[in-house]
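**Student:** With the working numbering applied, the sequence shown covers 34 to 433. The structure is given below, and queries will be raised subsequently.
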Amino acid sequence: METKPSICFYFQVHQPDRLRQYRFFDIGNDSHYYDDFANRTIVRRVAQRCYIPMNNLLLELISTFGKKVKFAFSISGAVIEQLEMYVPEALDSFKQLAKTGCVEFLAETYSHSLSSLVSQTEFEKQVKLHSALIQKYFGKKPKCFRNTELIYSDEIGAKVAKMGFTSILTEGARHILGWKSPNYVYTNPINPKLKLLLRNFNLSDDIAFRFSDRSWAKWPVNVDKYVDWLNDSLKDGEVVNLFMDYETFGEHQNENSGIFDFFRALPEAILNRTDIEFCTPSEVAKKHHPVSALNVPFAISWADEERDTTAWLGNELQNEAFSKLYELEDKVIAADDEQLSKDYMRLQESDHFYYMCTKFFSDGVVHNYFNPYDTPYEAFINYMNVLSDFILRVDKRLKQ
Numbered sequence: 034m035e036t037k038p039s040i041c042f043y044f045q046v047h048q049p050d051r052l053r054q055y056r057f058f059d060i061g062n063d064s065h066y067y068d069d070f071a072n073r074t075i076v077r078r079v080a081q082r083c084y085i086p087m088n089n090l091l092l093e094l095i096s097t098f099g100k101k102v103k104f105a106f107s108i109s110g111a112v113i114e115q116l117e118m119y120v121p122e123a124l125d126s127f128k129q130l131a132k133t134g135c136v137e138f139l140a141e142t143y144s145h146s147l148s149s150l151v152s153q154t155e156f157e158k159q160v161k162l163h164s165a166l167i168q169k170y171f172g173k174k175p176k177c178f179r180n181t182e183l184i185y186s187d188e189i190g191a192k193v194a195k196m197g198f199t200s201i202l203t204e205g206a207r208h209i210l211g212w213k214s215p216n217y218v219y220t221n222p223i224n225p226k227l228k229l230l231l232r233n234f235n236l237s238d239d240i241a242f243r244f245s246d247r248s249w250a251k252w253p254v255n256v257d258k259y260v261d262w263l264n265d266s267l268k269d270g271e272v273v274n275l276f277m278d279y280e281t282f283g284e285h286q287n288e289n290s291g292i293f294d295f296f297r298a299l300p301e302a303i304l305n306r307t308d309i310e311f312c313t314p315s316e317v318a319k320k321h322h323p324v325s326a327l328n329v330p331f332a333i334s335w336a337d338e339e340r341d342t343t344a345w346l347g348n349e350l351q352n353e354a355f356s357k358l359y360e361l362e363d364k365v366i367a368a369d370d371e372q373l374s375k376d377y378m379r380l381q382e383s384d385h386f387y388y389m390c391t392k393f394f395s396d397g398v399v400h401n402y403f404n405p406y407d408t409p410y411e412a413f414i415n416y417m418n419v420l421s422d423f424i425l426r427v428d429k430r431l432k433q
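So, in structure tokens, the structure goes:
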């Protein structure tokens with residue numbers, strides 16, 4: 034019996050902890066590094082524009098189509114903490130989605146960190162903490178892994194497989210695939226038991242970035258046109274993976290763009306006009322056999338034109354801050370202090386390094402949209418001031 038092609042919708046949900054923008058602390062004693070007002074304001078705004086209305090839309094679709102529609106999320110520990118504090122009704126709506134049995138919640142690093150690039154100990158700790166959090170709030174232990182910003186390499190994949198995961202999401206980067214298609218399942222070359230699900234970045238970005246771009250030659254994006262693109266894509270392939278920020282809906286693409294109406298109509302059009310089946314990532318990995326191993330010797334991601342890690346570690350500012358932070362790992366472990374450990378995780382959030390990026394042109398526009406700082410140098414100075422104070426607190430604790 035011929036296996037039907039699959040479509041996998043996956044959404045990243047992450048709101049970083051904003052650092053307070055000031056220069057002086059109660060040196061070595063103050064741990065109030067975070068802008069609680071900004072965190073509360075932003076997460077409430079995004080919840081009202083995106084999380085709550087979009088979750089309600091997904092619940093509506095599941096109510097209409099049942100198990101014929103399925104979706105997946107990875108939600109960082111940082112955003113779960115913020116939702117619990119500031120918008121509990123939004124967190125409740127995610128719990129409602131979990132109860133439908135049509136939504137899979139994936140594992141990632143607790144603080145949406147870059148730890149997989151530098152520390153196996155910290156990486157494993159954060160993944161275990163996050164998996165426990167997902168099980169606590171959504172009722173199931175994650176089976177599929179999605180690293181921060183889809184960062185992946187052969188080595189990272191082997192680490193993920195060693196932790197017991199059988200599938201991982203990453204970018205279908207051109208420089209890795211070459212002539213190959215992202216519309217198949219692949220395996221990790223070090224541990225073939227780990228299956229790779231690759232993002233189809235063209236079809237994903239048609240929604241995430243180009244949906245309301247009137248200068249784009251293919252604008253407007255409507256349901257009929259998009260279903261034709263899906264069918265064309267699967268002429269050479271078995272699965273199309275559409276991975277995007279959840280904030281695409283209502284925040285990056287505002288309600289007036291028609292993004293909610295588009296997504297409301299899309300599942301019915303797919304079900305009526307194609308033989309494509311909606312699947313969760315774990316179902317895709319189980320349903321489709323890998324076609325080959327995929328060699329990824331150097332870390333890739335879904336960010337910027339390069340699809341590598343230079344969005345976070347591409348200049349001297351970023352590398353200086355990153356190295357200083359992870360030099361503290363052994364000291365933080367030795368300090369054995371709950372508040373210091375929590376601050377250490379929050380200081381690892383990838384966004385702190387993203388704000389220090391000095392890229393220009395198309396990538397620079399994207400970076401500036403998300404950046405609360407006027408310049409990357411301001412982001413660096415503020416972060417290093419916070420980190421210097423944190424180092425004093427760690428040393429003080431060790432002396433005690």
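Backbone N, C-alpha and C fix where the C-beta goes; we use that ideal spot for every residue, glycine too. Remember, predicted model here, so these are calculated numbers, not experimental data.
#1: With distances taken from CA atoms, which of Thr220, Val329, Glu371 is nearest threonine 199?
#2: Helix, strand or coil for valine 398? Go by DSSP, reduced to three states.
#3: Alpha carbon to alpha carbon, what distance is there between tyrosine 406 and isoleucine 303?
#4: Excluding the five sequence neighbours on either side, which residues of its own chain have a C-beta within less than 6 Å of the C-beta of valine 82, listed in chain order?
#5: Under a Cβ-count criterion, where at least 16 other Cβ atoms within 10 Å of its own Cβ denotes burial, should tryptophan 345 be classed as buried or exposed?
#6: Could you give the first and the last residue of the continuous beta strand (DSSP E) run that contains methionine 277?
#7: Along the chain, where does the alpha helix (DSSP H) that runs through leucine 431 open and close?
#8: Can you list, in chain order, the residues of its chain with a C-beta nearer than 6 Å to that of leucine 162? Leave out the 5 residues immediately preceding and following it.
#9: When the Cα atoms are used, what is the spatial distance from lysine 174 to glycine 110?
#10: Beta-carbon separation of isoleucine 40 and phenylalanine 311 under 7 Å?
#11: Roughly how many whole angstroms lie between the Cα atoms of leucine 91 and glycine 291?
#12: Mind reading off the beta-carbon distance from leucine 350 to methionine 378? Whole number of angstroms is fine, and I expect it under 8 Å.
#13: Taking 8 Å as the threshold, find out whether the stretch 212-226 comes into contact with the stretch 332-347 through three or more Cβ pairs.
#14: Could you check if glutamine 372 is buried or exposed, using at least 16 other CB atoms within 10 Å of its CB as the buried criterion?
#15: Can you give the Cα-Cα distance for leucine 420 and leucine 358, rounded to whole angstroms?
#16: Going residue by residue through the stretch 211-237, where are the continuous beta strand (DSSP E) segments of at least 3 residues, counting only ones entirely within it?
#17: Measure the C-alpha to C-alpha separation of valine 399 and phenylalanine 242 and round it to an integer number of angstroms.
#18: Whole angstroms are fine: how far does the CA of asparagine 180 sit from the CA of serine 383?
#19: Would alanine 191 pass as a contact of asparagine 224 if the rule is Cβ separation under 7 Å?
#20: List the DSSP bridge partners of leucine 52.
#21: With a 10 Å radius around its C-beta and 16 neighbouring C-beta atoms as the bar for buried, classify phenylalanine 70 as buried or exposed.
#22: Does the distance from the CB of serine 18 to the CB of glutamate 155 come in under 7 Å?
#23: Under the rule that 16 or more other beta-carbon atoms within 10 Å means buried, what is tyrosine 410, buried or exposed?
#24: If you drop the 5 nearest sequence neighbours on each side, which residues of the same chain put their C-beta closer than 8 Å to that of arginine 77?
#25: From which residue to which residue does the beta strand (DSSP E) around isoleucine 333 run?
#26: Have a look at glutamine 115 and serine 107 and give me their C-alpha separation to the nearest angstrom.
#27: Assuming glutamate 182 contacts alanine 336 under a Cβ cut-off of 8 Å, what Cβ separation, rounded to an integer in Å, is found between them?
#28: Assuming arginine 232 contacts asparagine 274 (C-beta within less than 8 Å), just tell me the rounded distance between them.
#29: To the nearest angstrom, report how far apart glycine 172 and threonine 133 are at their CA atoms.
#30: Who are the near neighbours of lysine 100 in its chain, counting only those whose CB is closer than 8 Å to its CB and skipping five residues on each side?
#31: For aspartate 422 and alanine 412, what's the separation of their Cα atoms in angstroms?
#32: Relative to the C-alpha of leucine 139, which candidate in Ile201, Asp238, Phe98, Asp257 has its C-alpha closest?
#33: Which residues share a DSSP beta bridge with cysteine 312?
#34: Considering Cα atoms alone, identify which of Phe44, Met196, Gln45, Trp212 is closest to leucine 327.
#35: Would the beta-carbon of leucine 299 fall within 7 Å of that of valine 256?
#36: Would you kindly report the start and end of the unbroken alpha helix (DSSP H) that includes leucine 170?
**Tutor:** If we stick to the structure as given:
#1: Looking up residue 199 in the sequence shown gives position 166. Cα-wise, what sits closest to threonine 199 is Thr220.
#2: Counting from 1 along the sequence shown, the entry for residue 398 is found at position 365. Residue placement at valine 398 is flagged as unreliable, the pLDDT there being 49, under the threshold of 50; a coordinate-derived value is accordingly withheld.
#3: Locating residue 303 in the sequence shown gives position 270, where the first residue counts as 1. Locating residue 406 in the sequence shown gives position 373, where the first residue counts as 1. Spanning the two alpha carbons is a distance of roughly 42 Å.
#4: The residue you call residue 82 lines up with position 49 of the sequence shown. Inspection of the sequence shows that residue 82 is occupied by arginine rather than by valine. Same-chain partners within the cutoff: Gly283, Glu284.
#5: One-based indexing of the sequence shown puts residue 345 at position 312. It is buried - the Cβ of tryptophan 345 has at least 16 other Cβ atoms within 10 Å.
#6: For the purposes of this step, residue 277 is taken as residue 244 along the sequence shown, with counting starting at 1. 272-278 is the extent of the beta strand (DSSP E) around methionine 277.
#7: Your numbering for residue 431 matches position 398 in the sequence shown. Here the alpha helix (DSSP H) through leucine 431 covers 409-432.
#8: Taking the first residue of the sequence shown as 1, we reach residue 162 at position 129. For leucine 162, where only same-chain residues beyond five positions count, the Cβ hits under 6 Å are Tyr143.
#9: Residue 174 sits at position 141 when you count from the first residue of the sequence shown. Residue 110 sits at position 77 when you count from the first residue of the sequence shown. If you take the alpha carbons of lysine 174 and glycine 110, they lie about 14 Å apart.
#10: One-based indexing of the sequence shown puts residue 40 at position 7. One-based indexing of the sequence shown puts residue 311 at position 278. Result yes, Cβ atoms of isoleucine 40 and phenylalanine 311 sit closer than 7 Å.
#11: By 1-based counting over the sequence shown, the position of residue 91 is 58. By 1-based counting over the sequence shown, the position of residue 291 is 258. Taking the straight line from one Cα to the other gives about 16 Å.
#12: Translated into the one-based positions of the sequence shown, residue 350 becomes position 317. Translated into the one-based positions of the sequence shown, residue 378 becomes position 345. With 8 Å as the limit, leucine 350 and methionine 378 do not qualify as a contact, their Cβ atoms being about 22 Å apart.
#13: no
#14: For the purposes of this step, residue 372 is taken as residue 339 along the sequence shown, with counting starting at 1. Under this definition glutamine 372 is an exposed residue.
#15: Indexing the sequence shown from 1 puts residue 420 at position 387. Indexing the sequence shown from 1 puts residue 358 at position 325. About 7 Å.
#16: 218-220, 228-232
#17: The count along the sequence shown starts at 1 and reaches residue 399 at position 366. The count along the sequence shown starts at 1 and reaches residue 242 at position 209. Per-residue confidence for valine 399 stands at a pLDDT of 49, beneath the threshold of 50, marking its modelled position as unreliable; the derived number appears in the next sentence. C-alpha separation (whole angstroms): 10 Å.
#18: Reading the sequence shown from its first residue, position 350 is the one you call residue 383. Reading the sequence shown from its first residue, position 147 is the one you call residue 180. Roughly 11 Å between the two C-alpha positions.
#19: Along the sequence shown, one-based indexing puts residue 191 at 158. Along the sequence shown, one-based indexing puts residue 224 at 191. Yes, the Cβ-Cβ distance between alanine 191 and asparagine 224 is below 7 Å.
#20: Residue mapping note: residue 52 aligns to position 19 of the sequence shown, counting from 1. Tyr67.
#21: As a working note, residue 70 is residue 37 in the sequence shown. Counting Cβ neighbours within 10 Å, phenylalanine 70 comes out exposed, since fewer than 16 surround it.
#22: In this structure the chain extends from 34 to 433, so residue 18 is not present and cannot be described.
#23: Stepping through the sequence shown from its first residue, residue 410 is reached at position 377. Result: exposed.
#24: The sequence position of residue 77 within the sequence shown is 44, counting from 1. Closer than 8 Å at Cβ, skipping near neighbours: Tyr119, Val120.
#25: By one-based count along the sequence shown, residue 333 stands at place 300. Premise fails: isoleucine 333 is in no beta strand (DSSP E) and is neither H nor E.
#26: On the sequence shown, position 82 is the one that residue 115 refers to. On the sequence shown, position 74 is the one that residue 107 refers to. Each residue's alpha carbon lies about 15 Å from the other.
#27: As a first step, residue 182 is located in the sequence shown; it is residue number 149 there, counting from the start. As a first step, residue 336 is located in the sequence shown; it is residue number 303 there, counting from the start. Correct: roughly 6 Å between the Cβ atoms.
#28: Locating residue 232 in the sequence shown gives position 199, where the first residue counts as 1. Locating residue 274 in the sequence shown gives position 241, where the first residue counts as 1. So it is a contact: roughly 5 Å between Cβ atoms.
#29: Working through the sequence shown from its first residue, we reach residue 172 at position 139. Working through the sequence shown from its first residue, we reach residue 133 at position 100. Using only the alpha carbons, I get a separation of about 11 Å.
#30: Here residue 100 is taken as the residue at index 67 of the sequence shown, counted from 1. If we look at lysine 100 and ignore the five residues flanking it on each side, its Cβ neighbours are Gly134, Cys135.
#31: Translated into the one-based positions of the sequence shown, residue 422 becomes position 389. Translated into the one-based positions of the sequence shown, residue 412 becomes position 379. For aspartate 422 and alanine 412, the distance between alpha carbons rounds to 16 Å.
#32: For the purposes of this step, residue 139 is taken as residue 106 along the sequence shown, with counting starting at 1. The shortest C-alpha separation from leucine 139 is found at Ile201.
#33: Within the sequence shown, numbered from 1, the residue matching residue 312 stands at position 279. None, per the DSSP bridge assignment.
#34: Residue numbering aside, residue 327 sits at position 294 when the sequence shown is read from its first letter. Considering only alpha carbons, the answer is Trp212.
#35: Taking the sequence shown and counting its residues from 1, the one referred to as residue 299 is at position 266. Taking the sequence shown and counting its residues from 1, the one referred to as residue 256 is at position 223. Yes; because the gap between Cβ atoms is below 7 Å, this pair is in contact.
#36: For the purposes of this step, residue 170 is taken as residue 137 along the sequence shown, with counting starting at 1. At residue 170 the sequence reads tyrosine, which differs from the leucine that was named. Start and end: 153-171.
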